[in-house]
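Numbering (the numbering used here), first residue to last: 474 to 676.
Ideal placement from N, C-alpha and C gives every residue a C-beta, glycine not left out.
Accompanying notes for the structure given below.
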């Protein structure tokens, strides 16, 4: 359990994008985290077996049933889930764009800042980001491995940009366990979407 808390600390250090955001974002997401979002088990045609659909704020994502909601992974996350026995962790941070102030953030800038944060925690390797459109939002996805004490930690990270929001999804686990979870990780990331994609589609 002690090492699990160290993992959470690493993610807190890495999430530099929204950590400098407004107090309104933190207060809003903490309120939504307390609510836990809405859970649904949709039809087998839309949701894989052993997964649940989560609806939080303006986004939806499917997560494995073995994950439980928690509130101790990231202070600004609107969704925080973990399975302590499996050492599998997930957070989502959503941030409205501040158009009136000229929001200059980009997915590339987010990637650069995430990598900088991880370098401070002994990053071992990181893949080049892959950018594509997924479920009508722009997506950038990459992986990284960090060394903590004598253990390697595997990170799967994805950033999404819509017309109105930025989203950050981070999943982490022991590197030795990544093969056992890779399908679940892919399902989670590929399922991420906004509830009203037609309205919020990036032009």
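Requested in this report: Using 10 angstroms around the beta-carbon of residue 558, count the other beta-carbons present and answer buried if the total reaches 16, otherwise exposed.
Outcome: On the chain shown, position 85 is the one that residue 558 refers to. Residue 558 should be labelled exposed.
Requested in this report: Compare the beta carbon distance of residue 549 and residue 664 with 9 Å and say whether it is the shorter of the two.
Outcome: Translated into the one-based positions of the chain shown, residue 549 becomes position 76. Translated into the one-based positions of the chain shown, residue 664 becomes position 191. Not in contact: residue 549 and residue 664 (Cβ atoms no closer than 9 Å).
Query - Under the three-state DSSP convention, the category residue 551 falls into - result: As a first step, residue 551 is located in the chain shown; it is residue number 78 there, counting from the start. In this structure, residue 551 counts as coil in the three-state DSSP scheme.
Query - Nearest-angstrom Cα separation, counted from residue 533 out to residue 526 - result: By one-based count along the chain shown, residue 526 stands at place 53. By one-based count along the chain shown, residue 533 stands at place 60. Distance between the alpha carbons of residue 526 and residue 533 is about 7 Å.
Report task. Give the DSSP bridge partners of residue 604, in chain order. Result -> Translated into positions along the chain shown, residue 604 becomes position 131. 613.
Query - residue 547 versus residue 640: straight-line alpha-carbon distance, rounded - result: As a position in the chain shown, residue 547 is number 74, starting the count at 1. As a position in the chain shown, residue 640 is number 167, starting the count at 1. A straight line joining the alpha-carbon of residue 547 with that of residue 640 spans about 14 Å.
Query raised in the report: Between residue 567 and residue 631, what straight-line distance do the alpha-carbon atoms span, to the nearest angstrom?
Result: As a first step, residue 567 must be located in the chain shown, where it is residue number 94. As a first step, residue 631 must be located in the chain shown, where it is residue number 158. If I take the Cα positions, the gap works out to 12 Å.
Query - Host beta strand (DSSP E) of residue 639 (start-end) - result: Here residue 639 is taken as the residue at index 166 of the chain shown, counted from 1. Element bounds for residue 639: 638-647.
Report task. Can you say whether residue 544 is buried or exposed, counting buried as having 16 or more other CB atoms within 10 angstroms of its CB? Result -> For the purposes of this step, residue 544 is taken as residue 71 along the chain shown, with counting starting at 1. Under this definition residue 544 is an exposed residue.
Query raised in the report: Ends of the beta strand (DSSP E) at residue 660?
Result: Sequence index remark: in the chain shown, residue 660 carries index 187 (1-based). Unbroken run through residue 660 is the alpha helix (DSSP H), 651-664; no beta strand (DSSP E).
**Report entry** Residue of 580, 530, 555 and 634 minimising C-alpha distance to residue 645
**Finding:** Here residue 645 refers to the residue found at position 172 when the chain shown is read from its first residue. Cα-wise, what sits closest to residue 645 is 555.
Query raised in the report: Between residue 528 and residue 666, which are expected to be in contact by the criterion C-beta below 8 Å, what is the C-beta distance as a whole number of angstroms?
Result: The residue labelled residue 528 in the question sits at position 55 within the chain shown. The residue labelled residue 666 in the question sits at position 193 within the chain shown. With a Cβ gap of about 10 Å, residue 528 and residue 666 do not count as contacting.
Query raised in the report: With distances taken from CA atoms, which of 657, 648, 552 and 638 is nearest residue 623?
Result: Walking along the chain shown from the start, residue 623 turns up at place 150. Considering only alpha carbons, the answer is 648.
Query raised in the report: When you compare only the Cα positions, how much space is there between residue 523 and residue 658?
Result: Working through the chain shown from its first residue, we reach residue 523 at position 50. Working through the chain shown from its first residue, we reach residue 658 at position 185. Going from the Cα of residue 523 to the Cα of residue 658 covers about 13 Å.
Query raised in the report: For residue 563, does the three-state DSSP call read helix, strand or coil?
Result: For the purposes of this step, residue 563 is identified with residue 90 of the chain shown, where counting begins at 1. Correct three-state label for residue 563: strand.
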